[in-house]
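Mapping of the sequence shown onto my numbering: position 320 corresponds to residue 340, and the numbering continues sequentially without gaps.
Below: the structure, in C-alpha cells.
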Amino acid sequence: MSQKPRLKAGILGATGSVGQKLIRLLDRHPWFEITALAASARSAGLPYHKAAHWLEPTSIPEAIRDIEVKTPDDDLDCDFLFSALDSSTAREVEPSLARAGFPVISNASAFRMDPAVPLLVPDINPSHAELVCNQPDFAPGFIATNPNCATAGLVATLKPLDVAFGIEAIEVTTLQAVSGAGYPGVSALDIMGNIIPNIPGEEEKLEEEPKKILGRLENSAITPNVFPVSAQVTRVPTVDGHLLCVSVSLRRRADISEVRQVLTDYRGELTHDELPSAPSHPLQVLNGEVGPQPRLHADAGGGMTVTVGRLRPCRVLDFRYVALVHNTIRGAAGAAILNAELLASRGLLSHRSQAPQGSTLCEPEYQRACI
Ligand SMILES: NC(=O)c1ccc[n+]([C@@H]2O[C@H](COP(=O)([O-])OP(=O)(O)OC[C@H]3O[C@@H](n4cnc5c(N)ncnc54)[C@H](OP(=O)(O)O)[C@@H]3O)[C@@H](O)[C@H]2O)c1
C-alpha cells in the first residue's frame, strides 16, 4: 500500500533552543519532513551544522546537517512553517509569511492573545482550531499558536478540574529552568547558586493565557473563562523543567480524594492513535511527598506528560499541588508539533498559494469537521 507523502515543514528560528528541539523531535516524523531552515542574517548562507550551536543530546540528523540556512525573506521550499522566533521578530515575520500562503505554527507570544488566532492545546481545546478558518488579516495562510511554557503545565492540570468542578481562582508560583530563556539565555554568573525573582512579561502570560485556552468557542470566537489567576515567577538554576506551586479554589465543593481521582483519570481529548505526538497520559499523578522533581520527571511521556504531586488541602484556597512541565517539549517544540498534527489531520497544512488574498480558507470537509 502506498504511503501518503510527508508534508514539507520549514522552521523559522531553526538555530535557537526551540528550533533545535523541533529538529530533534521531527527526525523520522511519520507525517512531516524538514525541507527549509531559517534564522537571522548572522546564520544565513551557512550549512546548518556551522550556523547552530547544537545543544541537543543526540547529533544533528544527517538529513539536516548540510541544509543551507536562509532568512525568512528568502524563498522557503515547504508546505507550512514552524516558528521559533523571538516575539518581536515574530510580530513582523509571521503575518507576512502567512499572507504569502503559509500556515504558521508559532511558539512565539506575539499573536497568542489575538482574538482571531487559536491558542491551541490539542488535548485540551481542539475545537479552537476552527479559528484558523477565518483570519482575514493573515489569509490566505494563517497563524496558530501554543501557550507559554509555564502556562502549558498549568492548563494541563486545570482542564480536568474545570470540567469536573469549575475553577474559582488560582494562585501560582513558578520555578523556571534556564532553557526557558533560550540560548545563551541568562548569564551563568547571574543564575548559578542564585534565584532571580522575576521574568519580564511572564506573569502576565500566566494570568491571561489559561483563560483563553479554557474559554468557550461560541459563534467562531472564544469567550474567555473568568477565573482570576495571580502569578509570581522565578528563574532557578535547573536546565529543563518548570516547576509550578499551584493553589486553586473550585466552584463546586470536592474532597481531596475526588480531586485526586479526577486528575488521575484524565486522558485528554485526543489519543496517540489519532496524532503521533499526543501523550497517552497528558497528566501523571504521584503519591508521596518528594515529587515532582525536574531531574526525575521532566521527561515523563517523552516530555509531553505533565507531572502532579503533593496534592493536599490549602488553608487559604481549597487545594494545592506542585506540577512539573518540560518547558521546551510540552511547553514549546512538542506542543507546536502536536498543533501541526491536529491541523494536518484536518487537511489544513498545505501552502495556500492558490487561494485569493483575503479569502477565508477552510476546505469544506474541515468546515464540516468543525461543526
Ligand atoms: N525556550 C523555551 O522554553 C520556550 C518555551 C515556549 C516558547 N518559547 C518561545 O519560542 C521562541 C524561541 O525561543 P528560543 O528559546 O528558541 O530562543 P533562542 O534560542 O534565542 O532562538 C531564537 C531564534 O530566532 C532567530 N532569530 C533571531 N532574530 C532573527 C531575525 N531577525 N530573523 C530571523 N531569525 C531570527 C535566531 O537565529 P540566529 O541563531 O541566527 O540568531 C534563533 O534561531 C521565543 O518566542 C520564545 O518566547 C520558548
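The C-beta atom is built at its ideal place from N, Cα and C for all residues, glycine as well.
Legend entry - I219, DSSP secondary structure in three states: To locate residue 219, count along the sequence shown from 1; it is residue 199. Three-state DSSP puts I219 in coil, outside helix and strand.
Inset, instruction - Would you tell me roughly how many angstroms separate the C-alpha atoms of E224 and L234, rounded to the nearest one? - result: Position 204 of the sequence shown, counted from the first residue, corresponds to residue 224. Position 214 of the sequence shown, counted from the first residue, corresponds to residue 234. CA-to-CA, the gap between E224 and L234 works out to about 16 Å.
Inset, instruction - Specify, as a first and last residue, the run of the beta strand (DSSP E) that P333 falls within. - result: Translated into positions along the sequence shown, residue 333 becomes position 313. Start and end: 326-333.
Legend entry - Residues that L139 bridges to, as DSSP identifies them: What you label residue 139 is simply residue 119 of the sequence shown in a count that begins at 1. The partner list for L139 (beta bridge, DSSP) reads T165.
Legend entry - Under the three-state DSSP convention, the category P156 falls into: Within the sequence shown, residue 156 is the residue found at index 136, counting from 1. Looking at P156 - three-state DSSP - the assignment turns out to be coil, as it is neither helix nor strand.
Inset, instruction - On the DSSP bridge assignment, give the partners of Y341 in chain order. - result: Counting from one through the sequence shown, the residue named residue 341 turns up at place 321. Note: Y341 sits in a beta bridge opposite V266.
Legend entry - Same chain only: Cβ atoms within 6 Å of L96, ignoring 5 sequence neighbours per side: Stepping through the sequence shown from its first residue, residue 96 is reached at position 76. Result list for L96: G30, A56, in chain order.
Legend entry - Spatially closest choice to V206 from F339, T258, L32, by CA coordinates: Within the sequence shown, numbered from 1, the residue matching residue 206 stands at position 186. The candidate whose alpha carbon is nearest that of V206 is T258.
Inset, instruction - Assign L209 to buried or exposed, taking buried as 16 or more other Cβ atoms, counted over all protein chains shown, within 10 Å of its Cβ. - result: One-based indexing of the sequence shown puts residue 209 at position 189. Exposed, since its Cβ has fewer than 16 Cβ neighbours within 10 Å.
Inset, instruction - Measure the alpha-carbon distance for P84 versus R280 and round it to whole angstroms. - result: To locate residue 84, count along the sequence shown from 1; it is residue 64. To locate residue 280, count along the sequence shown from 1; it is residue 260. Before going further, note that residue 84 is Ile rather than Pro in the sequence given. Their Cα atoms are separated by approximately 44 Å.
Inset, instruction - Would you check whether ligand 1 has a heavy atom nearer than 6 Å to the C-beta of L66? - result: What you label residue 66 is simply residue 46 of the sequence shown in a count that begins at 1. No; taking the cut-off as 6 Å, the Cβ of L66 has no heavy atom of ligand 1 nearer than that.
Legend entry - Cα-Cα separation between N359 and C98, rounded to whole angstroms: For this step, residue 359 is matched to residue 339 along the sequence shown. For this step, residue 98 is matched to residue 78 along the sequence shown. So the alpha carbons of these two residues sit roughly 17 Å apart.
Legend entry - Simplified DSSP state of G30, which is helix, strand or coil: Here residue 30 refers to the residue found at position 10 when the sequence shown is read from its first residue. Strand.
Legend entry - Buried or exposed (CB count within 10 angstroms, at least 16 for buried), A118: In the sequence shown, the residue the question calls residue 118 occupies position 98. It is buried - the Cβ of A118 has at least 16 other Cβ atoms within 10 Å.
Inset, instruction - Classify L295 as helix, strand or coil using the three-state DSSP reduction. - result: Your numbering for residue 295 matches position 275 in the sequence shown. It is coil, neither helix nor strand.
Legend entry - Three-pair Cβ contact test at 8 Å for the segment 249-266 versus the segment 184-193: These segments touch.
Legend entry - Endpoints, the beta strand (DSSP E) within which V249 is located: What you label residue 249 is simply residue 229 of the sequence shown in a count that begins at 1. Residues 249-255.
Legend entry - Range covered by the beta strand (DSSP E) that runs through I43: Stepping through the sequence shown from its first residue, residue 43 is reached at position 23. Counting along the chain, I43 falls outside any beta strand (DSSP E), though it belongs to the alpha helix (DSSP H) covering 37-46.
Inset, instruction - Leaving out five residues on either side along the sequence, give the residues of the same chain with a beta carbon under 8 Å from the beta carbon of L226. - result: Position 206 of the sequence shown holds residue 226. Closer than 8 Å at Cβ, skipping near neighbours: N168, A170, T171, L174, V192, T194, V249, A251, V253.
Inset, instruction - Give a single yes or no on whether C169 has its beta carbon closer than 6 Å to a heavy atom of ligand 2. - result: With respect to ligand 2, the structure offers nothing, as its ligand set consists of ligand 1.
Inset, instruction - Give a yes or no on whether the C-beta atoms belonging to L46 and F52 are separated by under 7 Å. - result: Taking the first residue of the sequence shown as position 1, residue 46 is located at position 26. Taking the first residue of the sequence shown as position 1, residue 52 is located at position 32. In this structure, F52 lies closer than 7 Å to L46 by Cβ.
Inset, instruction - Can you tell me which of the three DSSP states K24 falls into? - result: In the sequence shown, residue 24 corresponds to position 4, counting from 1. K24: coil per DSSP, three-state reduction.
Legend entry - Simplified DSSP assignment, three categories, for Y386: Residue mapping note: residue 386 aligns to position 366 of the sequence shown, counting from 1. Reliability fails at Y386, whose pLDDT of 44 lies under 50, so the model's placement of it is uncertain and no value is given.
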